[in-house]
Amino acid sequence: MSNNPMQRGQQWLQSLLELTGVSAEIHGSVETAQSHNEDSQETDGYWLTIDATNLNPQQIQTLIGADGSVLDAIQYLVNSTLNINQPQEGQASYTVELNGYRVKRQAEIQQIAETAAEQVRSTGQEVEIKSLSSAERRLVHTFLKDFGDLETFSRGKEPHRHLVVRPAVNEL
Numbered sequence: 001m002s003n004n005p006m007q008r009g010q011q012w013l014q015s016l017l018e019l020t021g022v023s024a025e026i027h028g029s030v031e032t033a034q035s036h037n038e039d040s041q042e043t044d045g046y047w048l049t050i051d052a053t054n055l056n057p058q059q060i061q062t063l064i065g066a067d068g069s070v071l072d073a074i075q076y077l078v079n080s081t082l083n084i085n086q087p088q089e090g091q092a093s094y095t096v097e098l099n100g101y102r103v104k105r106q107a108e109i110q111q112i113a114e115t116a117a118e119q120v121r122s123t124g125q126e127v128e129i130k131s132l133s134s135a136e137r138r139l140v141h142t143f144l145k146d147f148g149d150l151e152t153f154s155r156g157k158e159p160h161r162h163l164v165v166r167p168a169v170n171e172l
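Numbering (UniProt numbering), first residue to last: 1 to 172.
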């Protein structure tokens, strides 16, 4: 397997799909984030996009699953498998995409986060967001991390874990 994290992810996902009898190309792209100290960008993770061109609607639906559950499981497996026994600096973050599901869901999650932020700001009360996967909770944490007047944390245990948005302690 390749030493390049994106190629490793593509190869691993290709193999998994082949084991399930699905033949599809995997396209990789680098996700970048602004560096905190400079105007440069640093690698934030890798998007592995399953090409749906040769997949039928049933295969697409099966690979996405109810509320993205199968896609989430595949993403969990690729991240767990490829990062096991890797030093911290050698670990990579992978997002698995199919048929625009992640892009659409990220837009929905961002809207949920913005609505919660507005509600907290207008009421001064914490807001609990339910029914998010761990990856989706991380997205909300990421979306709201630059809002100095708000803080986010998770409460409870799986499968009843919720994300809480509240005024920052220094803002109370």
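For glycine and all other residues, C-beta sits at the position ideal for the given N, C-alpha and C.
Can you tell me where the alpha helix (DSSP H) holding Pro57 begins and where it ends?
57 to 64
Quick check: the segment 114 to 133 against the segment 92 to 103, are there 3 or more CB pairs under 8 Å?
no
Can you find at least 3 beta carbon pairs, one from the segment 9 to 22 and one from the segment 57 to 76, that sit closer than 8 Å?
yes
Within 10 Å of its beta-carbon, does Ile84 have 16 or more other beta-carbons around it, so buried, or fewer, so exposed?
exposed
contact_flag[the segment 75 to 89, the segment 103 to 112] where n(CB pairs < 8 Å) is 3 or more
no
Consult DSSP for Thr152 and reduce its assignment to one of helix, strand or coil.
strand
How is residue 207 classed by DSSP in three states: helix, strand or coil?
The chain is shown only over 1 to 172; residue 207 falls outside these bounds and no answer can be derived.
By how many angstroms is the C-alpha of Thr95 removed from the C-alpha of His27?
12 Å
Buried or exposed: where does Trp12 fall if 16 or more other Cβ atoms within 10 Å of its Cβ makes it buried?
buried
Give, in chain order, every unbroken run of the alpha helix (DSSP H) that is at least 4 residues long and sits entirely within the UniProt domain "R3H" (103 to 169).
134 to 144
For Met6, which option in Ser134, His160, Gln119, Thr43 has the closest C-alpha, if you only look at C-alpha atoms?
Thr43
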